[in-house]
Amino acid sequence: MRLAYYPGCSLHASAAPYHSSTLLVAETLGLELLEVPEWICCGATPTHSMSPLLALAFPMQNLVQVEAMGMDRVALPCAACYGRFRAADRRIKEAPELRKQVEAALGVEYHSSVAILHLLDLLANHVGLEAIGRKVVKPLSQLRLACYYGCLLTRPPKVVAFDDPDSPSVMEKLMQACGASTVEWPYKTECCGATFGISYEEVALRLIHQLLADAVRAGAEMVVAACPLCQPNLDIRQEEAEKASAKPLSVPVVYFTQLLALALGHDVRKLGFEKNFVDPLPVLRQRGVV
Amino acid sequence: MSSAVQSLPLHSPQPPTLARRLGQELGVNVFACYQCKRCSAGCPTAFAMDRPPHELVRALQMGHDELVLNSRTAWLCSSCEMCSTRCPQEVDPARVMDGVKILCGREAITPAVPSVAAFNRTFLWMISRFGRAYELGLVCLSQAKSGRLWRDLPLGMKMFAKGRLRLFPPRGGGRTAARLRKKLRSVASDRWPVAGGHQ
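Right, dumping it as structure tokens:
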């Protein structure tokens, strides 16, 4: 399967393990991910909070570049990028005058021919859980996972949903196909604080603590995320969140592709676990996964 | 009739209210809201707001524009889309919050939560220069603007040590950014913000 790949800004920086583990997973599953040449930032949250025009222009520019590659599908690991691309795609369809304005300003023409897929959707629904299950060589020994979706993978449902917005289960099914066990927990689609992790920590720390405390309460040994802002918020800010709430946590947070790559037989040293602030290796060793 | 009673002109021109402008520019209709409060009930950051989302929508309906523009509510919206997902009237409160921030920017209103506005402006400025987010630059510049640069220094050092922070700006998006800068400069309604901004 060949498709365009749009990593987004974080994957080349603070979320590098998400990028490297995604490529390892793709290699094993026979997915050829071709990075969109000279892609530009999707705009993320700040852009749609400042300019409706730019919020449309950035994703559209990238989608035009995907079309120029001759690709009809683009895979995105980042939940925010995925949300922005989908929102722009929808806006283009509902507001033809705005579309014309953006096309004229950019000097491009977008033919709406690109299917926009988040990595989870691609893997679970297009590659298929069975196909992935067959390639698992190191099952995850019933490691208890809290699958964390965050906000933008399932909301707003009309724009992005490839799963139930209130209680999605696609990540659980994927992790179960890898031999892990998953817990049910009500905070799995609650906000981690997003960009407030940088611009207004006090708010983010409270949200981070609530989330993680609930995952622990539900019996999770580890949290798996599918967004390169959620993971850093929950991992890097975990210690501060503990201090702010005066309640200990100590739960490692990893990207689902890291565990998937592990289950597919990739060397644990190539998966970037050493970059975690809360070390996942003790739990993985204890479970005999590593 | 008392001579003290002044007769008002019947059709005095009024500037459009925020609610009207949000309707025209973003297609959101705050008048559909019947105050069920599902938005506020599900809002993860409402605890930090001066007024929860449904109150802001109510204020917009009533034309209390000053209140709306000076409220912390929109700035504390994390765009989690919980409200817009649950609203039975499709008011799309998340878009309303965007609209308030956008109009604050256009009217040069001092944002009620300056650190968030500083972050947004810096982010957009970074994209205009590099085409991609430059995390180190973003964090340093936006935190410096809010006077909070030194707070995160120990964390920043640890991130560097773990290889989670790139020292240099990202490469690869520069050409596309330059092309877009040129093309979008002439577009009247939205401009690339300069790093200093109005605040």
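Residue numbers (the working numbering), protein chains in the order written: chain A, 3 to 292; chain B, 3 to 201.
A virtual CB, placed ideally from N, CA and C, is assigned to each residue, including glycine.
field: Cβ of A/Arg-289 within 8 Å of any chain B Cβ
entry: no
- request: Return helix, strand or coil for A/Val-139, following the three-state DSSP convention.
  value: The three-state reading of DSSP puts A/Val-139 in coil, since its state is none of H, G, I, E or B.
message: Whole angstroms are fine: how far does the CA of A/Gly-267 sit from the CA of B/Gly-117?
response: Residue 117 of chain B is actually Ser in this sequence, not Gly. Between B/Ser-117 and A/Gly-267, the C-alpha separation is close to 44 Å.
- prompt: Is the CB-CB distance between A/Gln-260 and A/Phe-279 below 8 Å?
  reply: Judged by their CB atoms, A/Gln-260 and A/Phe-279 are not nearer to each other than the 8 Å cut-off.
- request: Locate the alpha helix (DSSP H) running through A/Val-255, then write down its first and last residues.
  value: Counting along the chain, A/Val-255 falls outside any alpha helix (DSSP H), though it belongs to the beta strand (DSSP E) covering 255 to 257.
- request: List the residues that DSSP assigns as beta-bridge partners of B/Tyr-136.
  value: Answer by DSSP bridge pairing: none, since B/Tyr-136 is not bridged.
query: Any chance the segment 30 to 48 of chain A sits against the segment 5 to 17 of chain A, with 3 or more Cβ pairs inside 8 Å?
result: yes
task: Using alpha carbons as the reference points, say which of B/Glu-109, B/Cys-142, B/Pro-55 lies closest to B/Arg-74.
output: B/Pro-55
- prompt: By how many angstroms is the C-alpha of B/Pro-18 removed from the C-alpha of A/Ile-238?
  reply: 45 Å
Element boundaries [alpha helix (DSSP H), containing B/His-56]: 55 to 63
field: beta-carbon A/Arg-88 near the ligand COA non-hydrogen atom, thresh 7 Å
entry: The model on display carries no ligand, and the ligand COA is accordingly not part of it.
message: At a CB distance below 7 Å, what residues from the segment 47 to 73 of chain B approach chain A? Give them in sequence order.
response: Thr-47, Ala-50
task: Kindly say whether B/Ser-42, judged by its beta-carbon, lies nearer than 8 Å to any beta-carbon of chain C.
output: Absent from the structure: chain C. Protein chains present are A and B.
- prompt: Within the chosen definition, does the segment 208 to 216 of chain A reach the segment 162 to 171 of chain A through at least 3 CB pairs nearer than 8 Å?
  reply: Under the three-pair Cβ rule at 8 Å, the segment 208 to 216 of chain A does not count as touching the segment 162 to 171 of chain A.
message: Quick check on A/Ala-97: does DSSP put it in helix, strand or coil?
response: In the structure shown, A/Ala-97 sits in coil (DSSP, three-state: anything other than H, G, I, E or B).
query: Around the C-beta of B/Cys-79, are 16 or more other C-beta atoms found within 10 angstroms, so that it is buried, or is it exposed?
result: buried
- request: On a CA-only basis, which of B/Leu-62, B/Cys-38, B/Ala-114 is nearest B/Ala-50? Give me that one, please.
  value: B/Ala-114
- request: Output, in chain order, the set of chain A residues within a Cβ distance shorter than 8 Å of B/Ile-129.
  value: Result: Ile-42, Cys-43, Gly-45, Thr-49, Phe-60.
task: Compute the distance between the beta-carbons of A/Ala-217 and A/Tyr-257, then report whether it is under 8 Å.
output: no
query: Is the CB of A/Cys-232 under 8 Å away from at least one CB in chain B?
result: Taking Cβ atoms only, chain B never reaches closer than 8 Å to A/Cys-232, which makes this a no.
field: Distance between A/Leu-55 and A/Ser-143 (C-alpha atoms, nearest Å)
entry: 49 Å
field: CB contact below 8 Å: B/Met-84 versus chain A
entry: Closer than 8 Å: yes.
message: Just to confirm, is the Cβ distance from A/Leu-121 to A/Thr-24 under 8 Å?
response: yes
task: Mind listing the chain A neighbours of B/Gln-115? Cutoff is C-beta to C-beta under 9 Å, in chain order.
output: The sequence given here has Val at residue 115 of chain B, not Gln. Result: Ser-201, Tyr-202.
task: Compare the beta carbon distance of B/Val-32 and B/Leu-62 with 8 Å and say whether it is the shorter of the two.
output: yes
- request: List the residues that DSSP assigns as beta-bridge partners of A/His-120.
  value: Answer is A/Leu-78, bridged to A/His-120.
message: Is B/Met-159 close to chain A? Criterion is C-beta to C-beta, closer than 8 Å.
response: no
query: Out of curiosity, what's the CA-to-CA distance linking B/Gly-198 and A/Gly-199?
result: Confidence is the limiting factor: at B/Gly-198 the pLDDT is only 34, short of 50, which leaves the residue's position unreliable, though a coordinate-based value still follows. Between B/Gly-198 and A/Gly-199, the C-alpha separation is close to 22 Å.
message: Taking CB distances under 8 Å as the criterion, tell me whether B/Met-3 reaches chain A.
response: Since pLDDT at B/Met-3 reaches only 49, below the 50 mark, its modelled position is unreliable, and no value is offered.
message: 8 Å is my cut-off, CB to CB: does B/Asn-122 come that close to chain A?
response: yes
- prompt: Alpha carbon to alpha carbon, what distance is there between A/Met-173 and A/Ala-126?
  reply: 8 Å
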